[in-house]
Amino acid sequence: MTAWEELTISVIGTGYLGATHAACMAELGHRVIAVDVDEDKIAALSEGRLPFYEPGLSELVAKHVGSGALRFTTSFREVAPATIHFLCVGTPQRPRGDGADLSHLDSAVRSLAPFVTEKSLVVGKSTVPVGTADQVRARLRTLTGRPVEVAWNPEFLREGHAVADTVRPDRIVIGSVSAEADEAVRRCYGRITSENPDLPVVSTNYANAELVKTAANAFLATKLSFINVVADMCEAAGGDVAVVAEALGHDPRIGGQFLRAGLGFGGGCLPKDLRAFRDTAARLDVVAGADLLRQVDHVNNERRRHVVDLATEHCGGSVLGVRVAVLGAAFKPGSDDVRDSPALNVAASLHLRGAQVTVHDPQALSNARKEFPALDYAENLTDALTGASLALVLTEWEDYRGLDPAAVGALVERRVVLDARNALDRVRWTAAGWTVHTVGRSQQPHARRPHPPSPRGVGADQLGEPVGVG
Ligand code: UGA
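If you want the working numbering, it's the 1-based position in the sequence shown plus 73.
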């Protein structure tokens, strides 16, 4: 068993990954200095305020800023006492092309170099293309003139579950070229592994550690596009993808997670990592792999067009001038993130076809407004739904699952709903006089449940009684 000891660590980059990692490392008993070039972000975090929505994280940040275990700064100089430096900067898709943009990583390495000593270790957590760790190591050695050691330790946390996924991960992967580096990373997570001795810790080389992260996201994306292809087949053949997915998921080799068909995947990770992985496959001349991954991306993008087409069809062939209520803007429930959000993409497409679109979301409205200022937004469901001729459920928030169809029915012009996430109880909504259109299911409702929330997702305590309209 790995011994646990309190370490002084630094975290470079305080976005989603960095802020979560910093707070969780403090929770694990380390002293943490987190640095970022964004002064506004650092000012907010220093007061215990999060610049994004993540359940449980602001409490953790406030707790450890309060205790003094966690400090945020814009000055790289302050990271000097740390023995482990975690690189947590973003690696978005390049503006041109499918590959990852490593410019933030480059500048983080440059800013960190003057404060790295022989005794400290640099650990990359950012999602990077294979070959990056080697380059970072070589660059640090050139910049410092010292034999700096580097490890790569990818992160698998999900938005909405970031804290739990960090303090209770399902595996730890450490890529390194030295036993000392591997041991130092293990010591850092010693508290997690001593509490869970069965936790798999995979010690490996750089290439494997880099590949496993993008491969994981590309695999999840492939699973989703696959079930969405099955959804198309169900629609065409009179099947029900929810039933097929449930039966598939009972096979432990397949597993029941990531089989919720509907509008497809979005967010700041799966789409860009899928493309970066495709880019890597092409670079490595793995042509069939690159083709497969391109098709996964294509199937996913078609989901959005399919839902826009269905909405148009349900409005008699044109949405021009039709009042449409869009429920959901975030790329998934439990998040205020609208990066590459399928919901907002559909809302914007309907707007461009001439519909009068009003968007509601419990958390993501301010981010959505910044992204698509031309759309109309409603702070509450009553305002969004009043007078609508078509309602669309595009993000499966519990707030929408729990709606009372009779109360909602009293607000709308026409009781027609397109449930693109298969979140609603079709039988109940149909009984309340609604025409319910779904995705990947025959249009005849029969007494069965909608897609349950993901098992690792929303807790049973959130599945409350039907609620009225807020
Ligand atoms: C994803 C991965 O799940 C994490 O393991 C990874 O660490 C993270 O990216 C990252 O690279 O940082 P996240 O982006 O938070 O996490 O979102 P997911 O929970 O993976 O959902 C992605 C998309 O798939 C969402 O749009 C969601 O609505 C969609 N989805 C998910 C479905 O359409 N059906 C499902 O059954 C599950």
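Just so you know, even glycine gets a beta-carbon here, dropped at the ideal spot from N, CA and C.
All figures in this text were calculated on a predicted structure; none of them were measured in a lab.
Using the beta-carbon count (16 or more within 10 Å), is residue i buried or exposed?
{"i": "Q436", "result": "buried"}
{"i": "L366", "result": "buried"}
{"i": "Q330", "result": "exposed"}
{"i": "I85", "result": "buried"}
{"i": "E132", "result": "exposed"}
{"i": "L425", "result": "exposed"}
{"i": "A211", "result": "exposed"}
{"i": "T200", "result": "buried"}
{"i": "M98", "result": "buried"}
{"i": "D352", "result": "buried"}
{"i": "P273", "result": "exposed"}
{"i": "G170", "result": "exposed"}
{"i": "P344", "result": "buried"}
{"i": "E148", "result": "In the sequence on display, residue 148 carries Ser and not Glu. So S148 counts as exposed."}
{"i": "N301", "result": "buried"}
{"i": "L393", "result": "exposed"}
{"i": "T215", "result": "exposed"}
Would you mind working out which of the options sits nearest residue i, comparing C-alpha positions?
{"i": "W507", "options": "L118, L484, R514, R494", "result": "L484"}
{"i": "S140", "options": "A96, H177, I115", "result": "A96"}
{"i": "T146", "options": "V110, M306, G172, L130", "result": "V110"}
{"i": "S176", "options": "V162, L297, V359, F188", "result": "V162"}
{"i": "S267", "options": "E283, R241, R150, A280", "result": "R241"}
{"i": "T295", "options": "V372, H323, R231", "result": "V372"}
{"i": "L336", "options": "I115, S193, D434, K405", "result": "K405"}
{"i": "G311", "options": "A99, V512, L80, E78", "result": "V512"}
{"i": "A354", "options": "L393, G88, G328, T287", "result": "T287"}
{"i": "H379", "options": "L343, L423, R356", "result": "L423"}
{"i": "L101", "options": "E228, G218, T239", "result": "T239"}
{"i": "L90", "options": "E79, R144, A235", "result": "A235"}
{"i": "D434", "options": "D456, S251, G427, D346", "result": "D456"}
{"i": "S251", "options": "W470, Y279, A464", "result": "Y279"}
{"i": "C261", "options": "R104, F292, L178", "result": "R104"}
{"i": "Q166", "options": "R442, A349, L458, P446", "result": "A349"}
{"i": "L448", "options": "A416, E283, A153", "result": "A416"}
{"i": "V399", "options": "V381, L393, V432, A384", "result": "V432"}
{"i": "L383", "options": "L465, A318, E232, G362", "result": "L465"}
{"i": "E79", "options": "G263, K443, G340", "result": "G263"}
{"i": "A505", "options": "P202, A479, R487", "result": "A479"}
{"i": "D492", "options": "G401, D207, G233", "result": "G401"}
{"i": "R150", "options": "T164, K443, G172, S184", "result": "S184"}
{"i": "R442", "options": "G460, T459, S414, L458", "result": "S414"}
{"i": "Q208", "options": "H323, A315, E283", "result": "E283"}
{"i": "A206", "options": "H323, P446, L178", "result": "L178"}
{"i": "E471", "options": "P168, A403, T503, R219", "result": "A403"}
Got a sec? Which residues, its chain only, sit under 7 Å from residue i by beta carbon, not counting five neighbours each side?
{"i": "V258", "result": "V196, A224, N226, I247"}
{"i": "L213", "result": "V182, A186, V189, V195, V221, V223"}
{"i": "N554", "result": "In the structure as shown, the chain begins at 74 and stops at 543. Residue 554 is therefore absent and cannot be evaluated."}
{"i": "Y126", "result": "S408, D409, Q436"}
{"i": "A289", "result": "F229"}
{"i": "A142", "result": "A99, R104, V105"}
{"i": "V430", "result": "V397, V399, A420, L423, H424, L448, D449"}
{"i": "E469", "result": "P406, R494, A496"}
{"i": "V317", "result": "V303, C307"}
{"i": "A291", "result": "D346, L347, F350, L366"}
Would you call the CB atoms of residue i and residue j closer than 8 Å?
{"i": "S83", "j": "H158", "result": "yes"}
{"i": "R499", "j": "V489", "result": "no"}
{"i": "L438", "j": "E452", "result": "yes"}
{"i": "K192", "j": "T156", "result": "yes"}
{"i": "S515", "j": "D313", "result": "yes"}
{"i": "V359", "j": "S298", "result": "no"}
{"i": "N495", "j": "A237", "result": "no"}
{"i": "V481", "j": "A428", "result": "no"}
{"i": "G570", "j": "E232", "result": "No statement about residue 570 is possible, as the shown extent of the chain runs from 74 to 543 and does not include it."}
{"i": "T557", "j": "A153", "result": "This structure cannot settle anything about residue 557, because the visible part of the chain is limited to 74 through 543."}
{"i": "E444", "j": "G460", "result": "no"}
{"i": "N418", "j": "R377", "result": "yes"}
Quick one: residues in its chain with C-beta nearer than 6 Å to the C-beta of residue i, no 5 flanking neighbours on either side, listed in chain order?
{"i": "N440", "result": "D409, V411"}
{"i": "A520", "result": "Confidence at A520 is low in this model, with a pLDDT of 48, below 50, so the placement of that residue should be treated as unreliable; the coordinate-derived value is given next. Cβ neighbours of A520 beyond the five flanking positions: V500."}
{"i": "L321", "result": "I327"}
{"i": "P539", "result": "The pLDDT assigned to P539 is 40, lower than 50, so where the model puts this residue is not dependable, and the model offers no usable value."}
{"i": "E308", "result": "G513"}
{"i": "G121", "result": "V134, A135, V138"}
{"i": "R219", "result": "E191"}
Within a Cβ cutoff of 8 Å, which residues of the same chain sit near residue i, ignoring the five residues on either side of it in sequence?
{"i": "L123", "result": "A92, A117, L130, S131, V134"}
{"i": "H87", "result": "Strictly speaking, residue 87 in this sequence is Thr, with His absent from that position. Only A95, A107, V108, D109, D111, K114, I115, L118, F145, C161 meet the Cβ criterion."}
{"i": "I265", "result": "L101, V240, R241, P242, I245, L272"}
{"i": "D255", "result": "A224, I247, S249, S276"}
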